[in-house]
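Visitor: Residue numbers (my numbering): 11 to 878.
C-beta atoms are modelled at their ideal positions from N, C-alpha and C, and glycine is treated no differently.
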Ligand SMILES: Nc1ncnc2c1ncn2[C@@H]1O[C@H](COP(=O)(O)OP(=O)(O)OP(=O)(O)O)[C@@H](O)[C@H]1O
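1) What I want to know is whether the C-beta of residue 117 ends up closer than 6 Å to one or more non-hydrogen atoms of ligand 1.
2) Compare the Cα-Cα distances from residue 608 to each of 64, 494, 103 and report the closest residue.
3) Contact check, residue 643 vs residue 688 under 8 Å by CB: the rounded distance?
4) Does residue 216 pass the burial test, meaning 16 or more other C-beta atoms within 10 Å, or should it be called exposed?
5) Can you give me the start and stop residues for the alpha helix (DSSP H) that residue 581 sits inside?
6) With 16 other CB atoms within 10 Å as the buried threshold, where does residue 482 fall?
7) DSSP puts residue 538 in a beta bridge; with which residues?
8) Can you give me the C-alpha to C-alpha distance between residue 351 and residue 316, rounded to a whole angstrom?
9) For residue 606, does the count of other Cβ atoms within 10 angstroms reach 16, so buried, or fall short, so exposed?
10) From which residue to which residue does the beta strand (DSSP E) around residue 340 run?
11) Tell me the start and end of each unbroken beta strand (DSSP E) in the stretch 431–513 that is at least 3 residues and wholly inside, in chain order.
12) Check each candidate in 160, 34, 212, 414 and name the one with the smallest Cα separation from residue 520.
13) Less than 7 Å between the C-beta atoms of residue 161 and residue 200, yes or no?
14) Looking at residue 108 and residue 132, is the spacing between their C-beta atoms short of 7 Å?
15) Taking 8 Å as the threshold, find out whether the stretch 114–130 comes into contact with the stretch 86–98 through three or more Cβ pairs.
16) At what residues does the beta strand (DSSP E) containing residue 595 begin and finish?
17) Terminal residues of the continuous beta strand (DSSP E) containing residue 299?
18) For residue 236, is the classification buried or exposed, using 16 other Cβ atoms within 10 angstroms of its Cβ as the cut-off for buried?
19) For the structure I just gave you, are there three or more beta carbon pairs, one from the stretch 536–545 and one from the stretch 405–424, closer than 8 Å?
20) Once DSSP output is grouped into helix, strand and coil, what is the label at residue 400?
21) Classify residue 186 as buried or exposed, calling it buried when 16 or more other Cβ atoms lie within 10 Å of its own Cβ.
22) Measure the beta-carbon distance from residue 56 to residue 62 and round it to whole angstroms, keeping in mind my assumption that it falls under 8 Å.
23) So, with DSSP's three-state summary, where would you put residue 611?
24) With a Cβ-Cβ cutoff of 7 Å, do residue 690 and residue 621 count as a contact?
25) Do residue 25 and residue 599 count as a contact pair if the criterion is CB distance below 7 Å?
26) Using only the alpha-carbon positions, how far apart do residue 337 and residue 328 sit?
27) Can you tell me which of 619, 538, 231, 89 puts its alpha carbon nearest to the alpha carbon of residue 70?
28) So residue 35 is in the alpha helix (DSSP H); what residue range does that whole segment cover?
29) Using DSSP with H/G/I as helix, E/B as strand and the rest coil, what is residue 550?
30) Answer yes if the stretch 282–291 comes into contact with the stretch 306–313, meaning at least three C-beta pairs across the two stretches below 8 Å, and no otherwise.
31) Between the stretch 360–380 and the stretch 183–197, are three or more C-beta pairs nearer than 8 Å?
32) Less than 8 Å between C-beta atoms, sequence neighbours within five positions excluded: which residues of the same chain meet that for residue 18?
33) Quick check: does the Cβ of residue 168 come within less than 6 Å of any heavy atom belonging to ligand 1?
34) Among 244, 275, 368, 400, whose alpha-carbon lies nearest the alpha-carbon of residue 224?
35) Between which two residues does the alpha helix (DSSP H) carrying residue 176 extend?
36) May I have a chain-ordered list of the beta strand (DSSP E) segments no shorter than 3 residues that lie completely inside the stretch 316–375?
Here's what the structure looks like:
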């Protein structure tokens, strides 16, 4: 928390910039980064710059400071948006989502972890076991998913190689009841091939470095990653210490989540099988293909609980159905065998990852939720997904990732505008439409049926015969020649930055990306011979069998072509966008300050590029073009009351809105604001800034003043309190109620006005004092005290007291509050009626009360008729 305290630097909200220019934006971002203020708002959007160092801003004291607070009350922080999302979900029963975006290494995963931690910390203060277990699994799942889905890349040592969307379900109390994780496009090509300097997924190195000798022995593995084709690239950069400790953490997380020992062993057996598959080699004698040495295959068959023959057969042959329905086995060429083997390794890993996610989901899914009993089930979604990727060599994966970002960017603009528009409508404010770049045209370029790039790719994949990547590119060139966001060397012959017949370029929202078409078709087809699926389905290991349900189909039953990778991805992203679209969104936009992972370097050009493609300038403009600031009247008043030269006693203020109008008029901002039904809307940030400046200037004076006033008030309160307690005690003494000073103090610490209580127990005489007595109902709200007093009051006083109680009961009309039953009430009246000392004045009051309502009529009529 220490790092958040003290002065703010620059503008904590970009909306407050004097002018929205890239220069001012960057200056502010840089200044704040340099001063350790890594978070800045654009309205309710958090812009976060990766500090590349541990900061003291995530501790328990910070969580406490942000819990239940409004955005503007504290310096910008992830916790503030998390709290806003949580509050909206809890108070308004609205599903919300927090979308975290930014490029690789910008800090998305760290942000998502802090958000999860915050939500876990602020929920369930009563520590219910089932809620704790859901939170525990959600937090532990991070560690497991990181091990299996993250890898060291050249940009980030712990890069998530999949998109993650996590839904956390809450009951009406705001306690987490379960959750669900969706994973998107795991970069499975990494299993078999990594770029120079990069590693395979962490899980492989963790197993090799951290697995016990016994475990590795039973899996027929050596400890050195350099011995395996799939891990040798990263072997040199492996950090064995980290891997060892991470392996331990993952094992215990798996156990804590609820994976059985058999399941954990199976997971690592699959990993071992993949490593060994990488070492399988093929040779051809011109006629047929053989496996070189059978040792690895023997071990693989043992690990996947299958027989050696079946494994060899799947690696060397594929079953095909002829036109006549006959099934034959066709031998692979050496190239096909290598292709099949790596496709199998990739698929094994992908299925394993998917199975782990499903297994976690099965533990945290919301069980036995009855909406009638438990109220509405609400959700907070957290999306941590890859940002735009623009590399030197962009392939199919980058194409999918960038398409995903186009979709999310569209949603961002649409939702932010929609939200604004919705608010203006609700508040009765006239809204002026703002033009913004609508990237639907790029989304269509990719996903439009029959015309889009995905359709063209799919068509090429379906075509019988040898359609190459180049043929596919030609087809795109023909069909998309007129599209303003598509080009290639053939379409722009003068552009020497693209290779002829190899590359095409899309003018994305975030910038131009040149894709190399090589490998597009294979990656899109994502072909895996059915033989591998059957092999795994027939495994004697039930866990592995469960990962391959589609293996039960025989070759003749597989009639439908599986959907292509791009289409599957498109469908999942469309579903994701639909899911996000119906939630109230909160955004975290992450920025990577430099490529060196330095905590001090702010690379202006890199940052500016990110600011541009994340659409942050547009975001500020949209926010400012309408009204830069909006807030409920009560809150505006609370914050800026001190800047107004008039002071009103509270009871003279007709409404918060009128008071706010007075403040605005005094400052001369009346032309710069609009008054909604419940909120004040300020158009220019300058007005807001002026108010803020004035407030900031007044605060030191106010602090001194308040200190003085506060000390005086405290002393007076203490004095009143003491007097009240002594008054109560005096009264008790009179009525022989035994009470100790501390006991009285303890019992009445929550009584708002002790002095009132003190006065009330002086029992002023009716009827003049009745109204005052009525106001001082504190004591009698407590049945116990009422009874105690009544029990101990001497008979002579008793009747008077009872009469008052009865009259007051009727007067208040809130019998329940008095904590006495109707029978008790009647009893009082009977006592009063029979009492010769009942005063005439009291009878007069009772008569008045009788005429008030039906209840009083019944209550008083009998008693009065006899008393009169
Ligand atoms: N708030 C933070 N405080 C301290 N260090 C951070 C913070 N955010 C990020 N980092 C550092 O930056 C590294 C990269 O962050 P992170 O893995 O979250 O990036 P990412 O955007 O998720 O990247 P990718 O898309 O590759 O997964 C982290 O391993 C951590 O060292």
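Guide: Taking the definition as stated:
1) Here residue 117 refers to the residue found at position 107 when the chain shown is read from its first residue. Yes - ligand 1 has a heavy atom lying nearer than 6 Å to the Cβ of residue 117.
2) The count along the chain shown starts at 1 and reaches residue 608 at position 598. Comparing Cα positions, the closest option is 64.
3) Translated into positions along the chain shown, residue 643 becomes position 633. Translated into positions along the chain shown, residue 688 becomes position 678. Between the beta-carbon of residue 643 and that of residue 688 there is about 7 Å, and that keeps the pair under the 8 Å contact cut.
4) The count along the chain shown starts at 1 and reaches residue 216 at position 206. Buried.
5) Reading the chain shown from its first residue, position 571 is the one you call residue 581. Going by DSSP, residue 581 is part of the alpha helix (DSSP H) stretching over 575–591.
6) Residue numbering aside, residue 482 sits at position 472 when the chain shown is read from its first letter. Counting Cβ neighbours within 10 Å, residue 482 comes out buried, since at least 16 surround it.
7) Taking the chain shown and counting its residues from 1, one reaches residue 538 at position 528. Bridge partners of residue 538: none, in fact.
8) Translated into positions along the chain shown, residue 351 becomes position 341. Translated into positions along the chain shown, residue 316 becomes position 306. Their backbone Cα atoms lie some 16 Å apart in a straight line.
9) Numbered from its first residue, the chain shown carries residue 606 at position 596. Taking a 10 Å sphere around the C-beta of residue 606, we find fewer than 16 other C-beta atoms and assign the residue as exposed.
10) If you number the chain shown from 1, residue 340 lands on position 330. Residue 340: member of the beta strand (DSSP E) spanning 337–341, first to last residue.
11) Runs of the beta strand (DSSP E) spanning 3 or more residues and lying entirely within the stretch 431–513 occur at 496–498, in chain order.
12) Taking the first residue of the chain shown as position 1, residue 520 is located at position 510. Minimum Cα distance to residue 520 is reached at 414.
13) Here residue 161 is taken as the residue at index 151 of the chain shown, counted from 1. Here residue 200 is taken as the residue at index 190 of the chain shown, counted from 1. The Cβ atoms of residue 161 and residue 200 sit closer than 7 Å to each other.
14) Along the chain shown, read from residue 1 onward, the residue named residue 132 stands at position 122. Along the chain shown, read from residue 1 onward, the residue named residue 108 stands at position 98. Taking 7 Å as the Cβ cut-off, residue 132 and residue 108 do not qualify as a contacting pair.
15) The way I'd put it, the stretch 114–130 does touch the stretch 86–98; three or more beta-carbon pairs between them come closer than 8 Å.
16) For the purposes of this step, residue 595 is taken as residue 585 along the chain shown, with counting starting at 1. 594–601 is the extent of the beta strand (DSSP E) around residue 595.
17) What you label residue 299 is simply residue 289 of the chain shown in a count that begins at 1. Bounds of the beta strand (DSSP E) holding residue 299 are 299–301.
18) Within the chain shown, numbered from 1, the residue matching residue 236 stands at position 226. Classification for residue 236: exposed.
19) Between the stretch 536–545 and the stretch 405–424 there are fewer than three C-beta pairs closer than 8 Å, too few to call the two in contact.
20) For the purposes of this step, residue 400 is identified with residue 390 of the chain shown, where counting begins at 1. Secondary structure of residue 400 (DSSP, three-state): coil.
21) Translated into the one-based positions of the chain shown, residue 186 becomes position 176. It is buried - the Cβ of residue 186 has at least 16 other Cβ atoms within 10 Å.
22) Along the chain shown, one-based indexing puts residue 56 at 46. Along the chain shown, one-based indexing puts residue 62 at 52. About 18 Å separates the Cβ atoms of residue 56 and residue 62, ruling out a contact at the 8 Å cut-off.
23) As a position in the chain shown, residue 611 is number 601, starting the count at 1. In the structure shown, residue 611 falls within a coil segment according to DSSP collapsed to helix, strand and coil.
24) In the chain shown, residue 690 corresponds to position 680, counting from 1. In the chain shown, residue 621 corresponds to position 611, counting from 1. Against a cut-off of 7 Å, the Cβ pair of residue 621 and residue 690 comes out as no contact.
25) Against the chain shown, residue 599 aligns to sequence position 589. Against the chain shown, residue 25 aligns to sequence position 15. Not closer than 7 Å, so no.
26) To locate residue 337, count along the chain shown from 1; it is residue 327. To locate residue 328, count along the chain shown from 1; it is residue 318. About 10 Å.
27) Residue mapping note: residue 70 aligns to position 60 of the chain shown, counting from 1. Residue 70 has its Cα closest to that of 89, out of 619, 538, 231, 89.
28) Locating residue 35 in the chain shown gives position 25, counting from the first residue. Per DSSP, the continuous alpha helix (DSSP H) segment holding residue 35 begins and ends at 32–44.
29) As a first step, residue 550 is located in the chain shown; it is residue number 540 there, counting from the start. Note: residue 550 maps to coil in three-state DSSP.
30) Judged by Cβ distances under 8 Å, the stretch 306–313 makes contact with the stretch 282–291, as three or more pairs qualify.
31) Using a C-beta cut-off of 8 Å, the stretch 360–380 makes contact with the stretch 183–197, since at least three inter-stretch Cβ pairs fall below that distance.
32) Here residue 18 refers to the residue found at position 8 of the chain shown. If we look at residue 18 and ignore the five residues flanking it on each side, its Cβ neighbours are 47, 85.
33) For the purposes of this step, residue 168 is taken as residue 158 along the chain shown, with counting starting at 1. The closest heavy atom of ligand 1 lies less than 6 Å from the beta carbon of residue 168.
34) In the chain shown, counting from the first residue as 1, residue 224 sits at position 214. Selected option, being the one with the closest Cα: 275.
35) Numbered from its first residue, the chain shown carries residue 176 at position 166. The continuous stretches of alpha helix (DSSP H) do not include residue 176, which lies in the beta strand (DSSP E) extending over residues 173–180.
36) Runs of beta strand (DSSP E) with 3 or more residues, each lying fully within the stretch 316–375, are found at 327–331, 337–341, listed in chain order.
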